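Here's the structure we're looking at; comments come further down.
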Amino acid sequence: MKVAYTFNKQLLDLHEAVNGDDFEFTLTFFDNNWKKKMEKIREHFDANSILTDIHFYIHPNNRFQIIVRKDFYNEFIIELFRQQIVQEIKWI
Numbered sequence: 002m003k004v005a006y007t008f009n010k011q012l013l014d015l016h017e018a019v020n021g022d023d024f025e026f027t028l029t030f031f032d033n034n035w036k037k038k039m040e041k042i043r044e045h046f047d048a049n050s051i052l053t054d055i056h057f058y059i060h061p062n063n064r065f066q067i068i069v070r071k072d073f074y075n076e077f078i079i080e081l082f083r084q085q086i087v088q089e090i091k092w093i
């Protein structure tokens, strides 16, 4: 089942691409208010015992590169929603 989501383009630039068997997300925030929310997402995935579920790379200028394993895609999108980074999720 495919997921569609929306986000506020005035606060964030978000790109998603297929990266082999994984998904690659690039999130660039236009201010510093989102760092704690990204930390909460990272903590959520660090709490489980699976080391390869998600990989975070922090770049300058409020840019995050996140590699998400295919079987954790929906959980990642839901966590973005919980942190109010994504505004709406639809299963299509």
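Numbers given in our numbering equal positions in the sequence shown, counted from 1, plus 1. The C-beta atom is built at its ideal place from N, Cα and C for all residues, glycine as well. Because the structure is a prediction, the values reported are computed rather than measured.
The Cβ atoms of ILE67 and PHE26 lie closer than 9 Å to each other.
Between the alpha carbons of ILE79 and LYS3 lies a gap of roughly 13 Å. Remark: C-beta atoms of PHE73 and ASP47 do not approach each other more closely than 9 Å. Secondary structure of ASP47 (DSSP, three-state): helix. VAL87 counts as buried, since at least 16 other C-beta atoms from the protein chains shown sit within 10 angstroms of its C-beta.
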